[in-house]
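Q: Just passing along the structure, written as structure tokens.
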Amino acid sequence: MRIWFFFAFTFLFNFISSQTLDKNIDIDNFLKDKIKRDDVYDNDIRIRLDFVNSLDKKILINYIQTPDSLIKNLNKSEFEAVKLLYEIYERELKKMNDEFYYNSKVNYKSLTSKSRINNLLLVDELNTYPDSYSIIYNNELLKFKYSNLNKVINVLSEIFQKNENMLSGILNDVSNFKKGFVDKPLYYPTWEKPEIILLYNKINVVLWCYSNSEENFINLKKKTFGN
221 MRIWFFFAFT FLFNFISSQT LDKNIDIDNF LKDKIKRDDV YDNDIRIRLD FVNSLDKKIL
281 INYIQTPDSL IKNLNKSEFE AVKLLYEIYE RELKKMNDEF YYNSKVNYKS LTSKSRINNL
341 LLVDELNTYP DSYSIIYNNE LLKFKYSNLN KVINVLSEIF QKNENMLSGI LNDVSNFKKG
401 FVDKPLYYPT WEKPEIILLY NKINVVLWCY SNSEENFINL KKKTFGN
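So the sequence shown is residues 221 to 447, counted in the numbering used here.
Written out as structure tokens, the structure is:
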């Protein structure tokens, strides 16, 4: 079975979700140790801030019209497939964020501020530009929960191919941009097949377009403020 590489190489949930406080452990010493280790996130925080800020202002800003152009080109079945995969992605990301928050609050008594900030930046990064490889492809449980997941993935791949002239610029620019951040946590494992990486990079482009489309903004407004 394929390893959940995302949770292993991101920071093992920041040493958080894999750890629980044993009642026999001296809690004061445990927390003091974690507070001392909290400084290891200084570099990650700096890199993540630079990454998201530069991605927004140097790359994605050049494609602000593309999301609506793509979504308007989709037929009903294509639109529903994109919307479904985006909703799955959002739910998984929210679950991850909720776990981060719970462990920071309950296990670490809100004392590991840099770890908490790093988590917030990670979630913001994954909201800014999707990483479907980490959140969806490496989540084996999703395949049992959604029997049609592979079919939906294929639909999004076909959408990219049909609209390649419109979308290839985003794919290439984001890929080249990431090469300047080789030290940033959360990248593909070196042993992954290039065709898998390319497939999910294409999926990311389609999901990003939906995320920044007027259709999604309308749904977001309804969820946030109601009808």
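Glycine included, each C-beta is placed from N, C-alpha and C at the ideal position.
Source: prediction; values computed, not measured.
Beta-carbon separation of residue 421 and residue 376 under 8 Å?
A: Counting from 1 along the sequence shown, the entry for residue 421 is found at position 201. Counting from 1 along the sequence shown, the entry for residue 376 is found at position 156. No, the pair does not count as a contact, with Cβ atoms beyond the cut-off.
Q: Enumerated in chain order, which unbroken segments of the beta strand (DSSP E) with a length of 3 residues or greater are wholly contained in the region 387-444?
A: none
Q: Considering just the uninterrupted stretch of the alpha helix (DSSP H) at residue 381, what are its terminal residues?
A: The count along the sequence shown starts at 1 and reaches residue 381 at position 161. Segment 369-382, the alpha helix (DSSP H) holding residue 381.
Q: Report the three-state DSSP secondary structure of residue 321 (helix, strand or coil).
A: In the sequence shown, the residue the question calls residue 321 occupies position 101. Helix, per DSSP.
Q: How would you call residue 364, buried or exposed, if buried means at least 16 neighbouring beta carbons within 10 angstroms?
A: Position 144 of the sequence shown, counted from the start, is the residue given in the question as residue 364. The residue in question, residue 364, is exposed, as its Cβ has fewer than 16 Cβ neighbours within 10 Å.
Q: For residue 286, report the span of its alpha helix (DSSP H) as first-last.
A: Within the sequence shown, the letter at position 66 stands for residue 286. For residue 286, the uninterrupted alpha helix (DSSP H) run begins and ends at 286-293, by DSSP.
Q: With respect to the alpha helix (DSSP H) encompassing residue 339, which residues constitute its N-terminal and C-terminal limits?
A: Residue mapping note: residue 339 aligns to position 119 of the sequence shown, counting from 1. Element bounds for residue 339: 333-348.
Q: Around the Cβ of residue 266, are there at least 16 other Cβ atoms within 10 angstroms (buried) or fewer (exposed)?
A: Working through the sequence shown from its first residue, we reach residue 266 at position 46. Counting Cβ neighbours within 10 Å, residue 266 comes out exposed, since fewer than 16 surround it.
Q: Can at least three beta-carbon pairs, one atom from the region 285-292 and one from the region 416-432, be found at a separation below 8 Å?
A: yes
Q: Can you give me the Cβ contacts of residue 404 inside the same chain, cut-off strictly under 6 Å, excluding the 5 residues immediately before and after it?
A: Locating residue 404 in the sequence shown gives position 184, counting from the first residue. Result list for residue 404: 267, 271, in chain order.
Q: Taking C-alpha atoms, which residue in 426, 354, 381, 261 lies nearest to residue 299?
A: Counting from 1 along the sequence shown, the entry for residue 299 is found at position 79. Comparing Cα positions, the closest option is 426.
Q: Consult DSSP for residue 282 and reduce its assignment to one of helix, strand or coil.
A: By 1-based counting over the sequence shown, the position of residue 282 is 62. DSSP places residue 282 in helix when its eight states are reduced to three.
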